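K.L.:
Protein chains in written order, with my numbering: chain A, 449 to 608; chain B, 108 to 448.
Sharing a structure, written as structure tokens. Questions coming.
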Amino acid sequence: MTVPEYNKSVDDYSDGLYRFVLKNMGKAEQAEDIIQDTYEKLWMRVSLVDYRKVKSYLFTTAYHTMIDYLRKEKRFSGISDETDMPSDQSNYNGLKEALDRAISRLPADQRSVILLRDYEGYSYEEISEVTGLSESQVKVYIFRGRLFLKKYLGNPEKII
Amino acid sequence: MEINRNNFEHYYRLYLDGSLDPVVTGELMLFFSENPELEASLDSGPSVLTNGIYFSKKDRLRKSHADMPEINEYNFDEFCVARLENLLSQDDNKRLDEYLRSNPGKAKDAALIAQLTLGADISLLYKHKSSLKKTLLPGRRKLFIPVIAIAASVVFFIVLFVSAPEKAVITPDLVQTSDTPGFIEAEPAPAPDKAEALPEKAVKSDISDSDTPVLTGEGSKAETITAEYVPAEYFPAPIEPVNISRLFTVENPNVLITDLQNDHISDITDGNVENERQGILTYIRDFDLWETTELAVKGFNILTESNLSVARTPQDDGKTRISLDSDGKTIISARVKGYRL
Numbered sequence: 449m450t451v452p453e454y455n456k457s458v459d460d461y462s463d464g465l466y467r468f469v470l471k472n473m474g475k476a477e478q479a480e481d482i483i484q485d486t487y488e489k490l491w492m493r494v495s496l497v498d499y500r501k502v503k504s505y506l507f508t509t510a511y512h513t514m515i516d517y518l519r520k521e522k523r524f525s526g527i528s529d530e531t532d533m534p535s536d537q538s539n540y541n542g543l544k545e546a547l548d549r550a551i552s553r554l555p556a557d558q559r560s561v562i563l564l565r566d567y568e569g570y571s572y573e574e575i576s577e578v579t580g581l582s583e584s585q586v587k588v589y590i591f592r593g594r595l596f597l598k599k600y601l602g603n604p605e606k607i608i
Numbered sequence: 108m109e110i111n112r113n114n115f116e117h118y119y120r121l122y123l124d125g126s127l128d129p130v131v132t133g134e135l136m137l138f139f140s141e142n143p144e145l146e147a148s149l150d151s152g153p154s155v156l157t158n159g160i161y162f163s164k165k166d167r168l169r170k171s172h173a174d175m176p177e178i179n180e181y182n183f184d185e186f187c188v189a190r191l192e193n194l195l196s197q198d199d200n201k202r203l204d205e206y207l208r209s210n211p212g213k214a215k216d217a218a219l220i221a222q223l224t225l226g227a228d229i230s231l232l233y234k235h236k237s238s239l240k241k242t243l244l245p246g247r248r249k250l251f252i253p254v255i256a257i258a259a260s261v262v263f264f265i266v267l268f269v270s271a272p273e274k275a276v277i278t279p280d281l282v283q284t285s286d287t288p289g290f291i292e293a294e295p296a297p298a299p300d301k302a303e304a305l306p307e308k309a310v311k312s313d314i315s316d317s318d319t320p321v322l323t324g325e326g327s328k329a330e331t332i333t334a335e336y337v338p339a340e341y342f343p344a345p346i347e348p349v350n351i352s353r354l355f356t357v358e359n360p361n362v363l364i365t366d367l368q369n370d371h372i373s374d375i376t377d378g379n380v381e382n383e384r385q386g387i388l389t390y391i392r393d394f395d396l397w398e399t400t401e402l403a404v405k406g407f408n409i410l411t412e413s414n415l416s417v418a419r420t421p422q423d424d425g426k427t428r429i430s431l432d433s434d435g436k437t438i439i440s441a442r443v444k445g446y447r448l
């Protein structure tokens, strides 16, 4: 990959990568750090990465960097992956808000694969490459994630 | 090729040789399980592949389309998610539609699941793209830096060498008397007070014609000239260092538009000066200054992500206008005459 191609990858993919990481992490500063780390890693291997595969490389690197980060954070802060379900009184201003809140409650693995699927339109095979999960695992996580979202949102009547 | 009654022995021999593909080995096992009498007919008896052991109740496990699980309230959500993921067959899609028709109360749930895809928030943008961008490959950067540094130094020298304010005051300190033929021999300027009163950053508008002293000289080109800025190195020491701030002023970048007295350079380089000075100038003359300048500007652009360029344009009066442009806009320019640029 050439320097102009590297810089083009910044223009083309940093926004999508940022959204993916931000939705996973929830904090803008952490997301920015991970984007910075990811592109720094890409730059260190710029001569070895084929430009046609740079998007996959970026998402794979960001995903693993993020997982490492989350594991460390969990170890130090004792954050649990366990999710809480909303009370019956919860109401949302539209489906988007409801989904935003629901997605943050998903376990990290399920959240990542759903975000890759919905934000980037990746196939199961591509998600498998990015996350290192098998295709069947990816499919199972997506199913479980979507069913969780449905269950979390509960009664459609609650969405104003 | 499909394994059949006519070729199964060939495949079995390949298996015994250890050269049968694992996938085909599986097909061969399947063939033997469905045709145990053929396996028994092998010269060696039941093959080492299966050892004659089969699961004899496969029929119990086989299913037909009619055996497909019914859609019910327990698996309804899964069917809806499968539809969202485009994993349902045409038949299953029809079955789901039929279920929804017969259970209208589930329509809202189906509609909700159909909307469970997340849309990317395109207003979320990464704001620090510029900090991620790079200019040079990591390995090459080390090679470039010394080259760029040298080239930039040469350019800086060139700018100092060929550029001068159009009208500047020569203070008495700068005007030296010399016995060397060809040098301007001048009388001290009569009005140094005004020069001293000038601001540190002298700009063109600060200097009026009346401020300019007139020098007279003798030598090969000795004549009365209007004394424009004469670079300090044309004079023997002691000389006042060039005041860079006078050459580059923010207030008026055009201060560097100048008509360099190239005749004087000719005098100097034609051998009318002491050997040391002549040697230096001859050395400078042997450089391809223009090529070096272009290289330096390119290097500067790479390092600083600037968009500078240099240009030279012949003028009607025989002089050459050289300029340093940024995005097509001239920052510095100079008109030179008889100069090798």
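Glycine included, every Cβ here is placed at the ideal spot set by N, Cα and C.
Everything numeric in this text was worked out from a predicted model, so none of it was measured.
1. Does the region 431-445 of chain B come close enough to the region 410-422 of chain B to have 3 or more Cβ pairs within less than 8 Å?
2. Using a Cβ-Cβ cut-off of less than 8 Å, give me the residues of the region 497-518 of chain A that come near chain B, in sequence order.
3. Closer than 7 Å by beta-carbon distance: list the chain A residues that pair up with B:K236, in chain order.
4. For A:E435, return the contacting residues in chain B, with the cut-off set at a CB-CB distance below 7 Å.
5. Where does B:D204 fall in DSSP's three states?
6. Assign A:L506 to one of two classes, buried (16 or more other C-beta atoms within 10 Å of its C-beta) or exposed (fewer than that).
7. Taking the CB atoms as reference points, tell me whether A:V588 and A:Y572 lie closer together than 8 Å.
8. Among B:D150, B:A221, B:K215, which has the Cα closest to the Cα of A:R594?
9. Over the uninterrupted beta strand (DSSP E) stretch that includes B:P421, give me the two end residues.
10. So, is B:I372 buried or exposed, given that buried needs 16 or more other C-beta atoms within 10 angstroms?
11. Whole angstroms is fine: what's the gap from B:E134's alpha carbon to B:N142's?
12. If I measure Cβ to Cβ from A:V494 and keep anything under 6 Å in the same chain, skipping five residues before and after, which residues do I get?
13. Hey, would you say B:A227 sits closer than 8 Å to A:Y567, going by beta carbons?
14. At what residues does the alpha helix (DSSP H) containing A:D463 begin and finish?
15. Rounded to whole angstroms, how far is the Cβ of A:I551 from the Cβ of A:K471, which I believe are closer than 8 Å?
16. If we call anything under 8 Å between Cβ atoms a contact, is A:S457 one with A:E577?
17. Check whether chain A comes within 8 Å of B:D184, counting only Cβ atoms and requiring the distance to be less than that.
18. According to DSSP, is A:V494 helix, strand or coil?
19. Just the C-alpha distance for B:S114 and B:R120, rounded to the nearest angstrom, thanks.
20. Buried or exposed for B:S126, please, with buried defined as at least 16 other CB atoms from any protein chain shown within 10 angstroms of its CB.
21. When you compare the CB positions of B:T242 and B:L410, do they come within less than 8 Å of one another, or not?
22. Give the residues of chain A in contact with B:Q222, contact being defined as C-beta atoms less than 8 Å apart.
23. From A:L597, A:Q478, A:E488, pick the residue whose C-alpha is nearest to that of A:I515; which is it?
24. Tell me the rounded alpha-carbon separation between B:A189 and A:G569.
25. Look up B:K164 in the DSSP assignment and say whether it is helix, strand or coil.
26. Identify whether B:V155 lies in helix, strand or coil by the three-state DSSP scheme.
27. Between B:D124 and B:S163, what straight-line distance do the alpha-carbon atoms span, to the nearest angstrom?
28. Report buried or exposed for B:I229, applying the criterion of at least 16 other Cβ atoms within 10 angstroms of its Cβ.
29. Which class does B:L431 belong to by DSSP, given the choice of helix, strand or coil?
30. Is it a yes or a no for the region 478-488 of chain A touching the region 546-566 of chain A, going by three-plus beta-carbon pairs under 8 Å?
31. With 16 other CB atoms within 10 Å as the buried threshold, where does B:L137 fall?
32. Could you spell out where the alpha helix (DSSP H) holding B:R442 opens and where it closes?
33. So is A:S462 buried or exposed if we call it buried at 16+ other beta carbons inside 10 Å?
34. Is it right to say A:K520 is buried, meaning 16 or more other beta carbons lie within 10 angstroms of its own, or is it exposed?
35. Quick check: A:I483 and A:Y466, are their CB atoms within less than 8 Å of each other?
36. What first and last residue would you give for the alpha helix (DSSP H) that runs through B:P211?
P.N.:
On the basis of the supplied data:
1. yes
2. none
3. Position 129 of the second sequence, counted from the first residue, corresponds to residue 236 of chain B. Those within 7 Å of B:K236 in chain A are V458, D459, S462.
4. The displayed coordinates of chain A run from 449 to 608. Any statement about residue 435 of chain A would go beyond what the structure contains.
5. Here residue 204 of chain B refers to the residue found at position 97 of the second sequence. Looking at B:D204 - three-state DSSP - the assignment turns out to be helix.
6. Position 58 of the first sequence, counted from the start, is the residue given in the question as residue 506 of chain A. A:L506 comes out buried.
7. Position 140 of the first sequence, counted from the first residue, corresponds to residue 588 of chain A. Position 124 of the first sequence, counted from the first residue, corresponds to residue 572 of chain A. In this structure, A:Y572 does not lie closer than 8 Å to A:V588 by Cβ.
8. Here residue 594 of chain A is taken as the residue at index 146 of the first sequence, counted from 1. It is B:A221.
9. For the purposes of this step, residue 421 of chain B is taken as residue 314 along the second sequence, with counting starting at 1. Looking at the DSSP string, the run of the beta strand (DSSP E) that includes B:P421 is 415-421.
10. If you number the second sequence from 1, residue 372 of chain B lands on position 265. Low confidence applies to B:I372: its pLDDT is 40, below 50, so where it sits in the model is not reliable enough to give any reading.
11. By 1-based counting over the second sequence, the position of residue 134 of chain B is 27. By 1-based counting over the second sequence, the position of residue 142 of chain B is 35. Approximately 12 Å, taken between the alpha carbons.
12. Looking up residue 494 of chain A in the first sequence gives position 46. Only M449, Y454 meet the Cβ criterion.
13. Walking along the second sequence from the start, residue 227 of chain B turns up at place 120. Walking along the first sequence from the start, residue 567 of chain A turns up at place 119. Contact: yes.
14. Translated into positions along the first sequence, residue 463 of chain A becomes position 15. Residues 451-473.
15. Taking the first sequence and counting its residues from 1, the one referred to as residue 551 of chain A is at position 103. Taking the first sequence and counting its residues from 1, the one referred to as residue 471 of chain A is at position 23. Yes, they are in contact, since the Cβ atoms of A:I551 and A:K471 sit about 7 Å apart, within 8 Å.
16. Sequence index remark: in the first sequence, residue 457 of chain A carries index 9 (1-based). Sequence index remark: in the first sequence, residue 577 of chain A carries index 129 (1-based). Not a contact, by the Cβ cut-off of 8 Å.
17. Along the second sequence, one-based indexing puts residue 184 of chain B at 77. Yes, B:D184 counts as interfacial toward chain A.
18. On the first sequence, position 46 is the one that residue 494 of chain A refers to. Coil.
19. For the purposes of this step, residue 114 of chain B is taken as residue 7 along the second sequence, with counting starting at 1. For the purposes of this step, residue 120 of chain B is taken as residue 13 along the second sequence, with counting starting at 1. Residue identity check: residue 114 of chain B is Asn in the sequence provided, not Ser. Rounded to the nearest angstrom, the two C-alpha atoms are 10 Å apart.
20. Within the second sequence, the letter at position 19 stands for residue 126 of chain B. Counting Cβ neighbours within 10 Å, B:S126 comes out exposed, since fewer than 16 surround it.
21. Against the second sequence, residue 242 of chain B aligns to sequence position 135. Against the second sequence, residue 410 of chain B aligns to sequence position 303. Going by C-beta atoms, B:T242 is nearer than 8 Å to B:L410.
22. Translated into positions along the second sequence, residue 222 of chain B becomes position 115. The answer, in chain order, is L543.
23. The residue labelled residue 515 of chain A in the question sits at position 67 within the first sequence. Among A:L597, A:Q478, A:E488, the Cα nearest to that of A:I515 belongs to A:Q478.
24. For this step, residue 189 of chain B is matched to residue 82 along the second sequence. For this step, residue 569 of chain A is matched to residue 121 along the first sequence. Roughly 16 Å separates the two Cα atoms.
25. Counting from one through the second sequence, the residue named residue 164 of chain B turns up at place 57. It is coil, neither helix nor strand.
26. Numbered from its first residue, the second sequence carries residue 155 of chain B at position 48. Coil.
27. Taking the second sequence and counting its residues from 1, the one referred to as residue 124 of chain B is at position 17. Taking the second sequence and counting its residues from 1, the one referred to as residue 163 of chain B is at position 56. For B:D124 and B:S163, the distance between alpha carbons rounds to 29 Å.
28. Taking the first residue of the second sequence as position 1, residue 229 of chain B is located at position 122. B:I229 comes out exposed.
29. Locating residue 431 of chain B in the second sequence gives position 324, counting from the first residue. Residue state, collapsed to three classes: strand.
30. no
31. One-based indexing of the second sequence puts residue 137 of chain B at position 30. Looking at its Cβ environment, which holds fewer than 16 other Cβ atoms inside 10 Å, B:L137 is exposed.
32. As a first step, residue 442 of chain B is located in the second sequence; it is residue number 335 there, counting from the start. Unbroken run through B:R442 is the beta strand (DSSP E), 436-443; no alpha helix (DSSP H).
33. Locating residue 462 of chain A in the first sequence gives position 14, counting from the first residue. It counts as buried.
34. Walking along the first sequence from the start, residue 520 of chain A turns up at place 72. Classification for A:K520: exposed.
35. The residue you call residue 483 of chain A lines up with position 35 of the first sequence. The residue you call residue 466 of chain A lines up with position 18 of the first sequence. Contact flag set, yes.
36. What you label residue 211 of chain B is simply residue 104 of the second sequence in a count that begins at 1. Here B:P211 belongs to no alpha helix (DSSP H), and DSSP marks it neither H nor E.
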